[in-house]
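Just below is one structure, and these are the notes that go with it.
Residue numbers (my numbering): 19 to 296.
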């Protein structure tokens with residue numbers, strides 16, 4: 019079966035079928051997958067059957083895999099792979115959903131990952147989708163006055179911002195030293211396509227540089243509400259064997275915990291080395 023790329027929505031996202039990532043790919047197929055990723059920002063490669071080593075090799079089609087920041091979640095022999103489960107419970111026995119608020123991955127780092135990949139190992143029978151919003155389309159939909167206001171602004175991103183609606187996983191002293199606060203543009207240009215996109219995160223963006231806290235919060239709240247309107251959102255319903263990569267440079271995403279408490283959800287995550295945002 020030849021490689022086929024099919025859009026999954028009118029907003030963003032496409033699926034790729036007809037490819038087995040356990041096998042070496044020719045240059046044309048690898049280029050087609052990368053083109054689809056850059057064009058659609060979310061690319062789901064269906065029906066894969068990958069062991070950890072094959073997964074790392076497949077992820078390398080899109081760039082250089084990097085080690086996971088939090089050491090406790092690393093796969094034993096492959097520090098590039100993070101293990102994400104739905105098994106964590108709070109003191110009341112309720113499920114803790116990591117990534118449940120809109121965010122872009124690791125914006126608290128100087129050089130955030132260009133892409134994140136999840137490989138679906140175990141999924142619940144229903145629920146548990148991941149939602150994505152297109153920050154390119156959100157920027158383009160701003161009126162001219164707002165575009166002029168946000169262009170050129172910079173924002174401070176922190177591992178756990180003062181605005182964060184949830185608490186982050188604790189870090190070791192070594193991990194804290196590795197992740198000081200950073201400053202990124204509020205509107206970043208995609209290095210491959212040149213498209214401008216809002217660059218935001220509810221958990222990491224702390225404040226806008228050179229604005230007082232009240233004005234900063236008001237602007238951030240306005241932009242987040244705008245960007246997460248239904249017309250900019252795609253909800254991905256997982257299948258076992260999905261290897262899905264999304265572009266952190268022009269999307270936000272969040273996990274949905276609306277699946278039965280007794281059911282398992284297991285994903286393997288890889289992040290791809292990115293560029294300093296400009």
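Just so it is clear, CB atoms sit at the ideal spot from N, CA and C, and this is done for glycine as well.
Residues sharing a beta bridge with residue i, DSSP
{"i": "residue 149", "result": "253, 272"}
{"i": "residue 137", "result": "261, 286"}
{"i": "residue 33", "result": "24, 62"}
{"i": "residue 225", "result": "174"}
{"i": "residue 214", "result": "207"}
{"i": "residue 121", "result": "271"}
Cβ-based burial, residue i [other Cβ within 10 Å; buried from 16]
{"i": "residue 226", "result": "buried"}
{"i": "residue 46", "result": "exposed"}
{"i": "residue 269", "result": "buried"}
{"i": "residue 236", "result": "exposed"}
{"i": "residue 266", "result": "buried"}
{"i": "residue 109", "result": "Residue confidence is low: residue 109 scores 44 on pLDDT, short of 50, so the model does not pin down where it sits. Its coordinate-derived value is still stated next. Exposed: under 16 other Cβ atoms inside 10 Å."}
{"i": "residue 198", "result": "exposed"}
{"i": "residue 228", "result": "exposed"}
{"i": "residue 240", "result": "exposed"}
{"i": "residue 180", "result": "exposed"}
{"i": "residue 230", "result": "exposed"}
{"i": "residue 188", "result": "exposed"}
{"i": "residue 206", "result": "buried"}
{"i": "residue 218", "result": "buried"}
{"i": "residue 258", "result": "exposed"}
{"i": "residue 170", "result": "exposed"}
{"i": "residue 154", "result": "buried"}
Assumed close pair residue i, residue j - CB separation to whole angstroms, cut-off 8 Å
{"i": "residue 260", "j": "residue 138", "result": "4 Å"}
{"i": "residue 133", "j": "residue 81", "result": "7 Å"}
{"i": "residue 295", "j": "residue 130", "result": "7 Å"}
{"i": "residue 125", "j": "residue 175", "result": "5 Å"}
{"i": "residue 93", "j": "residue 286", "result": "7 Å"}
{"i": "residue 21", "j": "residue 34", "result": "6 Å"}
{"i": "residue 61", "j": "residue 39", "result": "Incorrect: roughly 12 Å between the Cβ atoms, too far for contact."}
{"i": "residue 58", "j": "residue 25", "result": "7 Å"}
{"i": "residue 273", "j": "residue 118", "result": "5 Å"}
{"i": "residue 256", "j": "residue 150", "result": "So it is not a contact: roughly 13 Å between Cβ atoms."}
{"i": "residue 190", "j": "residue 121", "result": "About 22 Å separates the two Cβ atoms, so there is no contact after all."}
{"i": "residue 71", "j": "residue 86", "result": "Contact flag wrong, Cβ pair sits at about 16 Å."}
{"i": "residue 254", "j": "residue 262", "result": "7 Å"}
{"i": "residue 32", "j": "residue 79", "result": "With 8 Å as the limit, residue 32 and residue 79 do not qualify as a contact, their Cβ atoms being about 15 Å apart."}
{"i": "residue 208", "j": "residue 173", "result": "Actually they do not touch by this definition, with Cβ atoms about 18 Å apart."}
Beta-carbon gap between residue i and residue j smaller than 8 Å
{"i": "residue 204", "j": "residue 168", "result": "yes"}
{"i": "residue 55", "j": "residue 156", "result": "no"}
{"i": "residue 288", "j": "residue 98", "result": "yes"}
{"i": "residue 152", "j": "residue 30", "result": "yes"}
{"i": "residue 77", "j": "residue 279", "result": "no"}
{"i": "residue 282", "j": "residue 140", "result": "yes"}
{"i": "residue 200", "j": "residue 127", "result": "yes"}
{"i": "residue 145", "j": "residue 276", "result": "yes"}
{"i": "residue 37", "j": "residue 63", "result": "yes"}
{"i": "residue 103", "j": "residue 242", "result": "no"}
Within the segment 238–294, ranges of the beta strand (DSSP E) (whole runs, at least 3 residues):
251–254, 261–265, 269–273, 284–290
Please list the segments of the alpha helix (DSSP H) lying wholly inside the segment 173–208, counting only runs of 4 or more residues, in order along the chain.
191–196
So within the segment 68–104, which uninterrupted beta strand (DSSP E) runs reach at least 3 residues, ignoring any that extend past its ends?
96–103
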